[in-house]
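**Student:** Under my numbering, think of the first position of the sequence shown as 423, with each following residue one higher. Where is the CB? At the ideal position from N, CA and C, for every residue including glycine. What you are looking at is a predicted structure, and each value in this text was computed from that prediction instead of being measured.
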Amino acid sequence: MNYYGEYVTRLIEQFGKLPGIGGRSAQRLAFYVLNMPKENAEALARSIVEAREHVRYCSSCCNLTDTDPCPVCSSSKRNKNQIMVVESPRDMAAYEKTKDFKGVYHVLHGLISPMDGVTPSDIRIKELLARLNDNTEEVILATASTIEGDTTAMYIARLIALNHGKIKLSRIAKGVPVGGELEYVDQMTLATALKGRFEMNTGKDWEDDDEDN
Ligand code: ZN
């Protein structure tokens, strides 16, 4: 990889560290950037540095934000006692677009996935439990209806049921297609999935529970 000289090689290496970018794509991106007008390349570099510098995790919901707490958590119009648990900031944005949800969120930044080595301590579950108190009315588990999404929802529901028996636990309806990721689902489907959410029974096996409904 040294045919290109040090600077180009380094740029290719950096692109290659991004998820889903293999060696060939990394080269393509590097050459693309090198062919950009200088000011566009500078704007790209600057936006990366500035975003990294200023964006942080909301101390309440763990969403990415410029201000802490984030605009949703600091809004007086939101019901702080109804918490919707989502996988990523993208999922939160998808639900916000429906304008149907007046509670607040909790962003996990991942799903439990033993196959990929992601354990409960790798995602923001601790932070969720720390937010719950006697005033919390409902926790809506809005992770996708995939194996990882269901596993994560069940794991969290059991933990909450154990420590906060009074909190209502609900799961979004299966309006979200199996294997589907929330950000690709249209707003109408998300709104329907939210309205049709059902109370989780943490004492039973998830599959059994599913059959009964
Ligand atoms: Zn927040």
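1. Which residue comes first and which comes last in the alpha helix (DSSP H) that contains S447?
2. Expressed to the nearest angstrom, what Euclidean distance is found between the alpha-carbon atoms of Y429 and E472?
3. Do you know how far the Cα of E509 is from the Cα of D522?
4. Looking at the structure shown, is S567 part of a helix, part of a strand, or coil, going by DSSP?
5. Any idea what DSSP makes of R580, helix, strand or coil?
6. Under the DSSP definition of a beta bridge, which residues are partnered with K590?
7. Can you tell me whether P511 sits near the ligand ZN, meaning its C-beta is under 7 Å from at least one heavy atom of the ligand?
8. Kindly identify the DSSP beta-bridge partner or partners of M506.
9. Within its chain, find whatever has a CB closer than 6 Å to the CB of E560; leave out the 5 residues flanking it on each side and keep chain order.
10. Taking 6 Å as the limit, tell me which residues put their C-beta closer than that to any heavy atom of the ligand ZN, in chain order.
11. When DSSP labels each residue in this structure, what does S469 get in the three-state scheme?
12. Residues in the same chain with beta-carbon distance under 6 Å from E629, minus the five sequence neighbours each way, listed in chain order, please.
13. Is it right to say N635 is buried, meaning 16 or more other beta carbons lie within 10 angstroms of its own, or is it exposed?
14. Does DSSP put F620 in a helix, in a strand, or in coil?
15. Whole angstroms is fine: what's the gap from D577's alpha carbon to D608's?
16. Could you tell me which of F437, N585 and I594 sits nearest to T614, measuring between CA atoms?
17. Taking the alpha helix (DSSP H) that C495 belongs to, which residues open and close that run?
18. Suppose the cutoff is 7 Å on Cβ atoms and the five residues either side in sequence are ignored; what does the same chain contact list for G601 look like?
19. How would you label L456, buried or exposed, when you count the other beta carbons within 10 angstroms and need 16 or more for buried?
**Tutor:** Taking the coordinates as given:
1. G445 to N457
2. 22 Å
3. 18 Å
4. coil
5. helix
6. E560
7. no
8. Y527 and I562
9. Q504 and K590
10. C480, S482, C483, N485, P491, C492, V494 and C495
11. helix
12. Note that E629 scores a pLDDT of 42, beneath 50, so its modelled location is shaky and nothing firm can be said.
13. For N635, the predicted model reports a pLDDT of 41, less than 50, meaning its position is unreliable; a value from the coordinates is still stated below. Exposed, by the Cβ-count rule.
14. strand
15. The question names Asp, but residue 577 is Tyr in the sequence shown. When rounded, the distance between both Cα atoms is 27 Å.
16. I594
17. P493 to S496
18. In this prediction, G601 scores a pLDDT of 47, lower than 50, which makes its location untrustworthy; no coordinate-derived value is stated.
19. exposed
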